[in-house]
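K.L.:
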Amino acid sequence: MSLTSALSIAQTALFNTSRQTSVVSRNVSEASNPDYARRSAVLSSTLPGARIVAIQRAANEVLFRQNLFAVSSWQGQKTLSDGLNTLQLTLNGEDNATAAGTAISKLQVALQLYASTPSNGTLAESAVQAAKDVVRTLNSGAATIQTFRADADQEIATAVDSLNKLLGEFEQVNKEIVNGTRSERDVSDALDRRDALLKKISEYVSISTTTRSGNDMVIMTSDGATLFETIARPVTFTANTTYGPATSGNAVYIDGVPMSAGTGGNTNASGLISANLQLRDEVALQMQRQLDEVARGLITAFSETDPSGTLADATGLFTWAGAPAVPSGATLETGLAATISINAAFDAQAGGNPNLLRDGGANGAAYVHNTSGAGSFSDLLISYSERLDEPMTFDAIAGLETSGSVTDFAFNSVGWLESLRQQAAAGSEGKEALVTRTATALSNLTGVNVDEEMALLLDLEHAYQASSRIIAVVDEMLAALLQATN
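Numbering (numbering that gives the first Met the number 0), first residue to last: 0 to 485.
The following block contains the structure:
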């Protein structure tokens, strides 16, 4: 080998080592960045020596896709779990202190006390007050649910805006990658940014990706809608400013295709948009139906009856917009929990007489049971208390047992929400663990191991010293040769 060839090889090695050192140093500096993929210089044998032909970016498409799926699943589950916790606390309170079932139980106790001393006017007023508390619980519960739905609706609107912004950023980065790939530029940094955007997008909606020629990427949703292909597709949603019992929430459309709401406690919702749709349109509506059925059951249980059996039952202590008729059969009356009220005929503060609860007759003389006006009459009070425990039929649309007492139904509603909440919490723990496992596995394959990089730096330092030594030796030999020729 000639001295010139040896010098050329050493200079090339020195240049390669310098570039490799730069790559490794960048790896070390980005070690704490979760969106950075490790780089490595690719060497190719040439004459003379070897040269760096590319900077390779570490990637594992299978693990990355699994991580995207895990992120979507966990965000959907976490959103559902957090929403259920909020609903349980605002609707039923700590230890179910503000639940409808708790208020009904207190009403039953008040009725039993009044029945034990039916001549006591104070106990009569206390029983009516307990009924007012039941009404207040149902009214406020219905309002809480509508507020909860409106909040979920706003969360959806915010998420849609954020998703559209992310898609706009993705379009710019994807264009940069495609143009850079075609011109054979290093696009590693842009690929890092694109992958980071995919992770953020997957928090809102479940996605799958396809990479085409030129590193161009297409994004589809799990519902089959196109989210991105060359340009970002529109995600549209019209928010509702207020919600009532009969208000239907608007759908979220991706490229004209409506998104689906999640189902179940261990939800199949992927991404927080689908989970918020589930909270708004499935969970909250079901709770509303259950409260409406509790209200209907109370109106029925406390309806006044004609002792002779001639006249139809009429509304008693609890009333509604359809009074004096009692809600018919086992049919849900939408919004009844929001409008149920105390019959003014029983309310002393409204000029009524609480003793009508003992005697009957709020709907006229034909409905009086205590015809003698005896202060010791307690039969009607006892029957009201017993009716709270007697089976009645409920609408199956409420999602609970269709046969049972109104008290049991109210507590079953609490149990339904609590069961759903526990399922969601357990699902959230499992899916969070999956996110952690897939992220760790992906990081192990594509992330930076500082110890390994520092060891590589040490090897490169030795290689640099060796190349420098070769250059120095060749320089000495050339100097000696020149001196000899002189």
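The beta carbon of each residue, even a glycine, is placed where N, CA and C say it ideally should be.
Would you kindly work out how many angstroms separate the C-alpha atoms of S118 and G360, rounded to a whole number?
P.N.:
Going by the C-alpha atoms only, they are around 17 angstroms apart.
K.L.:
Taking just the CA atoms, how far does E170 sit from L331?
P.N.:
Each residue's Cα considered, the two are about 49 angstroms apart.
K.L.:
Is DSSP giving S259 helix, strand or coil here?
P.N.:
Coil.
K.L.:
Rounded to the nearest angstrom, what separates P233 and D160 at their Cα positions?
P.N.:
Going from the Cα of P233 to the Cα of D160 covers about 10 angstroms.
K.L.:
Would A141 and A336 qualify as a contact pair, given that the criterion is a beta-carbon distance under 7 angstroms?
P.N.:
Yes, the pair counts as a contact, with Cβ atoms nearer than the cut-off.
K.L.:
Once the 5 residues before and after D132 are set aside, which same chain residues still bring their CB inside 8 angstroms of it?
P.N.:
Hits under 8 angstroms: A102, K105, L106.
K.L.:
Is L112 near L380, with beta carbons less than 7 angstroms apart?
P.N.:
Result no, Cβ atoms of L112 and L380 do not sit closer than 7 angstroms.
K.L.:
Classify R38 as buried or exposed, calling it buried when 16 or more other Cβ atoms lie within 10 Å of its own Cβ.
P.N.:
R38 should be labelled buried.
K.L.:
Between F147 and R279, what straight-line distance do the alpha-carbon atoms span, to the nearest angstrom?
P.N.:
Between F147 and R279, the C-alpha separation is close to 8 angstroms.
K.L.:
Ignoring anything shorter than 4 residues or poking outside the region 270-340, list the alpha helix (DSSP H) runs there in chain order.
P.N.:
Listed in chain order, they are 271-277, 283-300, 335-338.
K.L.:
In the region 377-443, which residue ranges form an unbroken alpha helix (DSSP H) of at least 4 residues, counting only runs that do not cross its ends?
P.N.:
If we require 4 residues or more, the alpha helix (DSSP H) runs fully inside the region 377-443 come out as 378-386.
K.L.:
Quick one: using the 10 Å Cβ neighbour count with 16 as the cut-off for buried, is T309 buried or exposed?
P.N.:
Answer is exposed; the Cβ neighbour count stays below 16.
K.L.:
Just mark D94 as buried or exposed, buried being the case when its beta carbon has 16 or more other beta carbons within 10 Å.
P.N.:
D94 should be labelled exposed.
K.L.:
Taking the CB atoms as reference points, tell me whether S269 and S28 lie closer together than 7 angstroms.
P.N.:
No. Outside cutoff.
K.L.:
Could you tell me whether the region 56-64 touches the region 256-274, where touching means 3 or more Cβ pairs closer than 8 angstroms?
P.N.:
Contact fails: fewer than three Cβ-Cβ distances are below 8 angstroms.
K.L.:
Please report the distance separating the alpha-carbon of A36 from that of T445.
P.N.:
Approximately 5 angstroms, taken between the alpha carbons.
K.L.:
Hey, out of T208, G82, G120, whose CA is closest to A151's CA?
P.N.:
Of T208, G82, G120, the residue nearest in Cα terms is G82.
K.L.:
Is R38 close to the ligand GDP? I mean its beta-carbon at under 6 angstroms from any heavy atom of the ligand.
P.N.:
With respect to small molecules bound, the structure shown includes none, and the ligand GDP cannot be examined in it.
K.L.:
Does Y35 come out as helix, strand or coil in the three-state DSSP assignment?
P.N.:
Here Y35 sits in coil by DSSP.
K.L.:
Which residues in the same chain as A245 place their Cβ atom closer than 8 angstroms to its Cβ, once the five residues preceding and following it in sequence are excluded?
P.N.:
Result list for A245: T333, G334, in chain order.
K.L.:
Measure the CB-CB distance between Q76 and R420 and report whether it falls below 7 angstroms.
P.N.:
No, the pair does not count as a contact, with Cβ atoms beyond the cut-off.
K.L.:
Would you tell me roughly how many angstroms separate the C-alpha atoms of M195 and A440, rounded to the nearest one?
P.N.:
In the sequence as presented, Met is not what sits at residue 195; that position holds Ala. Looking at the two C-alpha atoms, the distance is approximately 17 angstroms.
K.L.:
Give the straight-line distance between the Cα atoms of G120 and P353, rounded to the nearest whole angstrom.
P.N.:
G120 and P353: Cα-Cα distance of roughly 8 angstroms.
K.L.:
Just grab the DSSP bridge partners of T235 for me.
P.N.:
DSSP output for T235 lists Y252 as bridge partner(s).
K.L.:
Can you list, in chain order, the residues of its chain with a C-beta nearer than 7 angstroms to that of D388? Leave out the 5 residues immediately preceding and following it.
P.N.:
Closer than 7 angstroms at the Cβ level, and outside the excluded window around D388, lie S404, T406.
K.L.:
Compare the beta carbon distance of V293 and A99 with 7 angstroms and say whether it is the shorter of the two.
P.N.:
A contact, by the Cβ cut-off of 7 angstroms.
K.L.:
Determine the burial state of G315: buried for a count of at least 16 other Cβ atoms within 10 Å of its Cβ, exposed for fewer.
P.N.:
Result: buried.
K.L.:
Quick one: residues in its chain with C-beta nearer than 7 angstroms to the C-beta of L137, no 5 flanking neighbours on either side, listed in chain order?
P.N.:
So the list reads A99, L290, V293, A294, A336, I339, once near-sequence residues are dropped.
K.L.:
Look up A58 in the DSSP assignment and say whether it is helix, strand or coil.
P.N.:
A58: coil per DSSP, three-state reduction.
K.L.:
Look up I176 in the DSSP assignment and give the residues it is bridged to.
P.N.:
I176 is not bridged to any residue.
K.L.:
Thinking C-beta only, is A231 closer than 7 angstroms to L162?
P.N.:
Not in contact: L162 and A231 (Cβ atoms no closer than 7 angstroms).
K.L.:
Where I176 and T235 are concerned, what is the direct C-alpha to C-alpha distance, given to the nearest angstrom?
P.N.:
Spanning the two alpha carbons is a distance of roughly 27 angstroms.
K.L.:
Determine the DSSP secondary structure at S53, reduced to helix, strand or coil.
P.N.:
Residue identity check: residue 53 is Ala in the sequence provided, not Ser. DSSP places A53 in strand when its eight states are reduced to three.
K.L.:
Please identify the residue among F68, I396, V41, Q19 whose C-alpha is closest to the C-alpha of E431.
P.N.:
E431 has its Cα closest to that of F68, out of F68, I396, V41, Q19.
K.L.:
Could you check how far apart the C-beta atoms of P323 and N362 are, in whole angstroms? I think they sit under 8 angstroms.
P.N.:
P323 to N362, Cβ: 6 angstroms. Contact.
K.L.:
How many Å lie between D450 and L190 at the Cα?
P.N.:
Between D450 and L190, the C-alpha separation is close to 25 angstroms.
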